[in-house]
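**Q** Dropping a structure here in structure tokens format, bear with me for questions.
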Amino acid sequence: MTLHIGDRLAQQLAFLNEIEKLKLVYRRNKTVDQSRYENSAEHSWHVALMALMLAEHTDTPSMDLFKVLKMLLIHDLVEIYAGDTWLYDAQAALVQAEHETLAAQRLFALLPADQAAEFHTLWQEFDARATPEAAFAAAIDGLQPLLNHLLSGDPADQAVLISRADVLRRKQHIETSSHALWNVAQTVIEESTQRGLYHAEPPDG
């Protein structure tokens with residue numbers, strides 16, 4: 622049986638087939654049973670559900686939650702081609718923007734023109750963190766790895782052990798969107814430090 626579909630639907634299905642590859646992109650954090658590394662598709666699902674549940678804690682009640690959800694589901698898709706960049710990898714960060722920009726152009730080009738433009742705009746808005754929606758999406762995206770690491774991290778499994786001060790500095794943007802979630806983040810960071818997942822002070826301090 623041959624399925625006859627229009628060009629628009631064919632493009633959408635091609636895109637959906639391509640983003641299956643996000644399940645093959647692995648992150649630095651592990652699953653809660655520590656049996657394997659979390660993949661980026663799992664991360665995207667988790668942050669979307671977190672945003673849905675925790676939206677009431679934003680400091681900007683007028684934000685568009687649907688837009689937040691779209692950003693969270695879209696922003697990591699570029700990792701299909703660019704790979705996941707660990708937040709604390711200074712060398713990889715030097716080329717991250719260039720690699721992800723090229724990846725976004727390549728991936729979103731699979732979509733019909735109007736959806737390609739929308740996805741690209743949302744992806745750029747998330748990265749800029751200049752709107753209430755982008756700030757909250759980034760806050761959730763920053764909080765999820767902290768929660769995951771406290772559950773699944775192992776002090777003996779740290780190839781590069783980072784400092785509490787560095788984590789606090791890189792996660793402080795959470796405060797711009799939600800003081801409540803920033804309080805949670807700080808508590809989680811302290812608990813993680815006590816467990817030996819972060820250095821209490823920089824290694825050379």
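Residue numbers (this note's numbering): 622 to 826. Where a beta carbon is used, it is the ideal one built from N, C-alpha and C, also for glycine.
In chain order, what residues of the same chain have a beta carbon less than 7 Å from the beta carbon of G826, not counting five sequence neighbours either side?
**A** With a pLDDT of 47 at G826, under the threshold of 50, the modelled position of this residue cannot be trusted, and the question is left open.
**Q** Which value, in whole angstroms, describes the spacing of the CA atoms of L670 and T679?
**A** 15 Å
**Q** Assign E659 to one of three DSSP states: helix, strand, or coil.
**A** strand
**Q** Across which residues does DSSP place K651 in a beta bridge pair?
**A** Y658
**Q** Tell me the DSSP bridge mates of H820?
**A** Partner(s): S784.
**Q** Which residue wins for smallest C-alpha separation from E677, given the options L789, V788, R791 and E754?
**A** E754
**Q** Report the residue from D705, A821, A756 and A718 whose alpha carbon sits nearest the alpha carbon of K642.
**A** D705
**Q** Quick one: what does DSSP say H696 is sitting in, helix, strand or coil?
**A** Coil at H696, not helix or strand.
**Q** Considering only the alpha carbon of each residue, which of F687, L693 and Q633 lies closest to A662?
**A** L693
**Q** Which of the three DSSP states, helix, strand or coil, is assigned to P776?
**A** helix
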